[in-house]
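Protein chains in written order, with my numbering: chain A, 1 to 175; chain B, 176 to 300.
Just so it is clear, CB atoms sit at the ideal spot from N, CA and C, and this is done for glycine as well.
Written out below as structure tokens is the structure these notes cover.
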Amino acid sequence: MKQNKSPASTAALGGILCAQALALSWLEGLIPVMPWMPPGAKPGFSNVVTMFAADSLGAGMAFAVTAVKALFAFAVRGPTAGAMSLAGGALSTAVMLLLLRTGKEKVGIIGISVLCAITHNVAQLCAAAVMTGTPGIFGYAPLLGIFAAVTGTVTGVILKAVLPALEKMKKYFIK
Amino acid sequence: MELKLFRKTDLFILLAVLTVCAALLFLPGLFGEGLTAVVTVDGAEYARVDLDALTEPSEIITPTEPKTVIVFEKGAAYFKSSECENGLCVAAGKLNRKGTACACLPARVVLTIVGGRGDVDAVTY
């Protein structure tokens with residue numbers, strides 16, 4: 001089947017995906033802070049978009065979405081937020097792509113999602129430790145690990161649920 | 176290859192992550208909060224105890240008049256008993272968070288918790 005894929009339509013689709021990722025990011029920011037969680041721990045709903053991009057559109061699009069998210073965080077919340085977003089996003093997207101390339105027979109969406117969530121947290125903990133100079137920040141690791149397992153599963157389930165809609169959206173741009 | 180929602184490996188991943196994290200959380204002192212209890216007598220530091228490293232409680236009796244008995248256990252410190260007349264120090268209960276303190280004024284003994292994760296008392300936004 002001949003794929004009708006012009007740079008313009010790819011860019012348009014990319015724009016929509018980035019907007020979706022940012023919208024999801026904003027939505028989850030509305031959830032009230034739970035006192036027992038480390039500040040900044042998030043459900044990561046925008047990873048639904050990144051995972052879709054990674055699986056269906058390739059590394060370029062996945063990293064583009066990640067970069068736009070980080071850039072947005074930098075512009076709106078400052079360099080610290082931007083750096084944290086980039087650190088977590090870059091490593092987690094890389095792991096995502098690796099798992100999708102090599103592990104589809106063994107790992108499902110939930111497994112990939114949980115592993116990416118953990119990677120995201122680990123990368124951010126490292127970035128935070130470097131920025132604040134306190135290795136004690138790793139004390140959050142076990143709690144974040146459990147949180148990552150839960151949110152990874154939730155995100156994975158959401159992706160499975162919206163996949164048909166996302167595919168339909170993609171077909172609109174890339175026939 | 177089709178991307179499915181849940182494969183067998185996913186279950187192992189989930190279980191592995193949860194057990195590792197749970198184990199780390201309950202491993203004594205490994206991811207401790209760095210809670211330290213400091214006892215001062217007459218303003219001078221008398222004892223400093225790492226509360227995370229304790230496996231069983233320990234007690235000290237302050238060399239003051241009236242005497243007080245302070246207990247250090249994993250994650251908390253408190254006045255167990257005192258010869259003072261009002262007993263407010265004992266009534267203060269267990270201290271387990273950074274920045275909390277209590278004192279026996281007649282004995283001029285102050286018990287403070289330093290270190291530890293800075294906790295918020297409440298969140299409003």
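Closest by C-alpha distance to residue i, when choosing among the options
i        : options                                   : result
A:Gly44  : A:Met61, A:Thr102 and A:Ala149            : A:Ala149
B:Cys264 : B:Thr287, B:Gly209 and B:Phe201           : B:Thr287
A:Leu166 : A:Ser56, A:Ala11, A:Glu28 and A:Ala81     : A:Ser56
B:Val216 : B:Lys183, B:Ile235, B:Thr239 and B:Val289 : B:Thr239
B:Cys279 : B:Gly218, B:Lys273, B:Gly290 and B:Arg272 : B:Gly218
A:Gly60  : A:Cys18, A:Thr80, A:Pro32 and A:Phe74     : A:Cys18
Exposure label - residue i; buried when at least 16 CB within 10 Å
i        : result
A:Thr119 : buried
B:Phe201 : exposed
A:Gly58  : exposed
A:Thr102 : exposed
A:Met1   : Confidence in A:Met1 is poor, its pLDDT being 47 and thus under 50, which makes the residue's placement too unreliable to answer from.
A:Pro142 : buried
Pairwise C-alpha distance: residue j and residue i
i        : j        : result
A:Val162 : A:Ala41  : 24 Å
A:Tyr172 : B:Ile188 : 36 Å
B:Asp227 : B:Ala212 : 10 Å
A:Ile158 : A:Trp26  : 17 Å
A:Ala8   : A:Phe63  : 18 Å
A:Leu30  : A:Ser6   : 37 Å
A:Gly156 : B:Gly250 : 37 Å
B:Leu178 : A:Gln20  : 22 Å
A:Ala129 : A:Val95  : 21 Å
According to DSSP, residues forming a beta bridge with residue i
i        : result
B:Phe247 : B:Ser233 and B:Ala252
B:Arg223 : B:Val213
B:Cys277 : B:Leu286
B:Ser257 : B:Thr243
DSSP state of residue i mapped onto helix, strand, coil
i        : result
B:Leu178 : coil
A:Leu30  : coil
B:Leu270 : strand
A:Ile174 : coil
A:Glu167 : helix
A:Trp145 : According to the sequence as given, residue 145 of chain A is Gly; it is not Trp. Looking at A:Gly145 - three-state DSSP - the assignment turns out to be helix.
A:Gly133 : coil
A:Pro7   : helix
B:Ala228 : coil
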